[in-house]
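Notes follow once the structure below has been shown.
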Amino acid sequence: MKKYQIAICLVLGIAGMMKVQAQQDQLRVNINYNVGIPAGSFRSDAVNNTSYRGWTGSIMYGITDKLSVGLGTGYQDFYQKYPRNMYKLSDGSDISAVLTNSIQTVPVMAAAQYNFMPHSVIQPYVGVGAGGNFIMFRQYIGEFESSRSSFGFALRPEAGVNIPVSPRFGFNINGAYNYMPYNKDGINNLNSWGIGAGIKFTLQ
């Protein structure tokens with residue numbers, strides 16, 4: 011009986027080590043639908059509407075069974091139309107018009123994630139991304155349009171859970187804070203909260 015018990019323990023131990031090693035070598039892709047909620051002066055000065063037009067994505071390589079590094083990106087489209095009011099044009103004249111702000115952000119960041127329980131049914135994790143942010147800003151005052159594109163710093167701490175349903179596929183739910191300095195067009199930042207849900211799958 012003891013021989014069988016020892017053999018079973020050895021098999022389970024080897025299987026466990028193989029599982030850890032496989033997770034270390036995994037290249038994983040995560041694609042999420044994302045809701046963006048403006049925060050701070052972005053909300054008060056430019057857009058206070060929640061954006062339901064967004065997504066995030068990442069490709070991560072497992073250095074260990076808990077730590078992964080890679081690249082992350084995404085897209086969020088913010089839109090706000092204000093009621094008719096008096097506004098000042100760039101030439102100094104005043105106009106009574108409807109003002110509309112349309113802002114799109116595309117971050118491109120180096121990313122890292124730490125999985126606290128890589129072998130559980132529900133796997134909580136924390137992560138951070140840092141890099142740059144492509145910004146497209148268009149403002150309409152009546153029939154007058156102004157637009158500009160710029161590039162700035164981006165930082166994205168996040169926390170969430172992975173829910174695997176097979177060795178190569180699972181679901182992801184996360185929340186994040188997008189720190190994006192701007193300081194143009196009378197706006198101090200483009201900071202926002204993000205809530206996302208999507209899928210995660212393994213390439214190798």
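Convert by adding 10 to the 1-based position in the sequence shown; the result is the number in my numbering.
Where a beta carbon is used, it is the ideal one built from N, C-alpha and C, also for glycine.
Computed from a prediction, not measured in an experiment: that's the story for all the values here.
State whether the stretch 146 to 158 contacts the stretch 108 to 116, with contact taken as three or more CB pairs (one from each stretch) at a distance under 8 Å.
In short, these stretches touch, since the Cβ pair count reaches three.
When we look at the beta-carbon of S68 and count the other beta-carbons within 10 Å, is it buried (16 or more) or exposed?
Along the sequence shown, read from residue 1 onward, the residue named residue 68 stands at position 58. Flag for S68 reads buried.
Assuming N44 contacts Q90 (C-beta within less than 8 Å), just tell me the rounded distance between them.
Here residue 44 is taken as the residue at index 34 of the sequence shown, counted from 1. Here residue 90 is taken as the residue at index 80 of the sequence shown, counted from 1. That belief does not hold up - the Cβ atoms of N44 and Q90 are roughly 18 Å apart, past 8 Å.
What is the DSSP secondary structure of S78, reduced to helix, strand or coil?
Your numbering for residue 78 matches position 68 in the sequence shown. S78: strand per DSSP, three-state reduction.
Output yes or no for whether 9 Å exceeds the beta carbon distance between S160 and I145.
For the purposes of this step, residue 160 is identified with residue 150 of the sequence shown, where counting begins at 1. For the purposes of this step, residue 145 is identified with residue 135 of the sequence shown, where counting begins at 1. Against a cut-off of 9 Å, the Cβ pair of I145 and S160 comes out as a contact.
What is the rounded straight-line gap between the Cα of G137 and the Cα of K194?
The residue you call residue 137 lines up with position 127 of the sequence shown. The residue you call residue 194 lines up with position 184 of the sequence shown. If I take the Cα positions, the gap works out to 29 Å.
How many Å lie between R166 and Y85 at the Cα?
Working through the sequence shown from its first residue, we reach residue 166 at position 156. Working through the sequence shown from its first residue, we reach residue 85 at position 75. In a straight line, the C-alpha of R166 is about 13 Å away from that of Y85.
Output yes or no for whether 9 Å exceeds the beta carbon distance between I197 and A56.
For the purposes of this step, residue 197 is taken as the residue at position 187 of the sequence shown. For the purposes of this step, residue 56 is taken as the residue at position 46 of the sequence shown. The answer is yes: Cβ separation under 9 Å.
Hey, would you say V171 sits closer than 9 Å to Y135, going by beta carbons?
Start at 1 with the first residue of the sequence shown, and residue 171 comes out as number 161. Start at 1 with the first residue of the sequence shown, and residue 135 comes out as number 125. Yes; because the gap between Cβ atoms is below 9 Å, this pair is in contact.
Are the CB atoms of A121 and G80 nearer to each other than 9 Å?
Residue 121 sits at position 111 when you count from the first residue of the sequence shown. Residue 80 sits at position 70 when you count from the first residue of the sequence shown. In contact: A121 and G80 (Cβ atoms closer than 9 Å).
In the DSSP assignment, what residue or residues form a beta bridge with N201?
Here residue 201 corresponds to residue number 191 of the sequence shown, with the count starting at 1. The partner list for N201 (beta bridge, DSSP) is empty, contrary to what the question assumes.
Measuring CA to CA, which of F147, T74, R94, P117 is closest to F52?
Residue mapping note: residue 52 aligns to position 42 of the sequence shown, counting from 1. Nearest of F147, T74, R94, P117 to F52, Cα basis: F147.
Shortest alpha-carbon distance to E168 belongs to which of R158, G162, Y187, S176?
Here residue 168 is taken as the residue at index 158 of the sequence shown, counted from 1. Selected option, being the one with the closest Cα: Y187.
Let me check one thing: in DSSP terms, what residues is K36 bridge-paired to?
On the sequence shown, position 26 is the one that residue 36 refers to. Before going on, a small fix: residue 36 reads as Gln here, not Lys. Answer by DSSP bridge pairing: none, since Q36 is not bridged.
For P191, which beta-bridge partners are listed by DSSP?
Position 181 of the sequence shown, counted from the first residue, corresponds to residue 191. P191 pairs with N199.
How many whole angstroms separate the CB atoms of A207 and I183, which I take to be in contact at a CB cut-off of 8 Å?
As a working note, residue 207 is residue 197 in the sequence shown. As a working note, residue 183 is residue 173 in the sequence shown. So it is a contact: roughly 5 Å between Cβ atoms.
Looking only at its chain, what residues have a beta carbon closer than 7 Å to the beta carbon of D87, apart from the 5 residues adjacent to it on each side?
Locating residue 87 in the sequence shown gives position 77, where the first residue counts as 1. So the qualifying residues of the chain are S61, R63, G64, Q114.
Is the beta carbon of F163 sitting closer than 9 Å to the one on I209?
Here residue 163 corresponds to residue number 153 of the sequence shown, with the count starting at 1. Here residue 209 corresponds to residue number 199 of the sequence shown, with the count starting at 1. No; because the gap between Cβ atoms is not below 9 Å, this pair is not in contact.
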